[in-house]
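Reviewing the structure listed below.
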Amino acid sequence: MSDIETHDTLTRVRLGDREIILVGTAHVSRGSVEEVARVIRDEMPGRVCVEIDAARFRTMTEGQNWGSLNIVQVLREKKGFLLLANLVLSSFQKRIGASLGVQPGGEMKAAVQVANELGIPYTFADREVAVTLRRAWSKSNLWNRNKMLAALLSSAITTEKLSEAEIEKLKMKSALDDMMEELAGYLPAVKEVLIDERDRYLATRIFQSPERKVVAVVGAGHVKGIAEWLKALETGEADQDLSSFEVVPQPGRFRRVLPWVIPVVILAIVATGFFRSGWHGGLSVLWEWVLVNGGLATIGSLVAFAHPLTLLVAFVGAPVATLNPFVGIGMLTGVVEAFVRKPRVADFEGLSDDISSFGGFYRNRVTHILLVFLFSSVGGMIGNFVALPYLLTHLK
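Residue numbering for the sequence shown is 17 to 412, as defined by my numbering.
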């Protein structure tokens, strides 16, 4: 039988003759860095597991090679949101870390450094961040996707700073429980992917370590869930197959059909206008739709300070993109912006620093292209929701 003992940020899970020591950390906490090093030295485990994937750790230690980034290819492959989300999350952690003089993820780096120093093997136990973000996006409905975008944007522009005492408080159980409940209510699908799935994923990777004594360095928000999954894995109530958590689920039939519903409805409304009122009435309906849809996409691009040519493409291209779900208006405007304002070497070299401020997002041509992509997409989407109810009045 398993036994769980918790003391402050340290949780010991006994699984028969094995012991898993979970160190709950805050990713921008100086105290966490010091505690991780101390626990590994004191416990001398057979293995250290860290809540990070190999690619992220390599980026943390070696830096991101932004010079190899092809922003146009990213947009064409429909990965603009994924890249933007990564940059915003990095920006948020970097700003907090900078205010405290701590590198984000410093405790993970310290865990690996101490393990290397003591000759202890270690495991990168987390799922690839790209898979996690894509699963969160795929499992969210349209309303929750919009809320996710709003949350990302607010975190990008906020000037709020947390004190070191507030950061340390985030490791305490009561504060974490409140945060998890708030996230579950606001974005249930995101909470499921970012927290619940990763609790199980991390617990399974830790459980699969053959050593009798393991120290696992994980975010404090995961400790409770990991401990419970470790118990379930020991009793056989949970299996160790993680394959279903490492793929992005395919959209259901309804979600595959949905992108074609709006084009069909719009074409039906325009056709009705031609049928009932002739050329004049049909063209009037068509122009009203183009004006609203293209106009709001243009306004979105304008908010991102897009180039005049990009504004023209936004106005003309939004209606076309709406009728062809394979081409998004954000991709069109982003590619055009990248063509007329091609990112310079300095933009790639300064990307890591520029994402630490809201002004930097606009100033850097790489992130500026992503803002054009995002705001024009949002504008075009709003344009459809505004235009459709109005155009439906023509059917009466």
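We put the beta carbon where it would ideally sit given N, CA and C, even for glycine.
| Asked | Found |
| --- | --- |
| Nearest-angstrom Cα separation, counted from A354 out to V88 | 7 Å |
| V286 burial status per 10 Å Cβ neighbour count (16 or more: buried) | buried |
| E50, enclosing alpha helix (DSSP H) - first and last residue | R46 to E59 |
| Spatial neighbours of V49 in its chain, beta-carbon cut-off 6 Å, leaving aside the 5 residues before and after | G122, E123 and A126 |
| Short Cβ contact (9 Å threshold) for T314 with A330 | yes |
| Close beta carbons around A248, own chain, < 6 Å, minus the five adjacent residues each side | A254 |
| Span of the alpha helix (DSSP H), counted from its first residue to its last, around T409 | Unbroken run through T409: none, as it is neither H nor E. |
| Beta-carbon proximity list for P137, same chain, < 6 Å, skipping 5 on both sides | R63 |
| Of the residues G96, G298 and N380, the one placed nearest T349, counting alpha carbons only | G96 |
| Integer-rounded CB distance, given that T326 should sit under 8 Å from V356 | 7 Å |
| Paired residues, beta bridge with R30 - DSSP | D19 and E35 |
| DSSP-derived helix/strand/coil call for R63 | strand |
| Residue(s) in a DSSP beta bridge with V306 | Answer by DSSP bridge pairing: none, since V306 is not bridged. |
| Collapsed DSSP secondary structure at V145 in the structure displayed | helix |
| For V231, the three-state DSSP class (helix, strand or coil) | strand |
| According to DSSP, residues forming a beta bridge with Y138 | V64 |
| Sequence ranges, beta strand (DSSP E) only - wholly within the region 264–348, length at least 3 | none |
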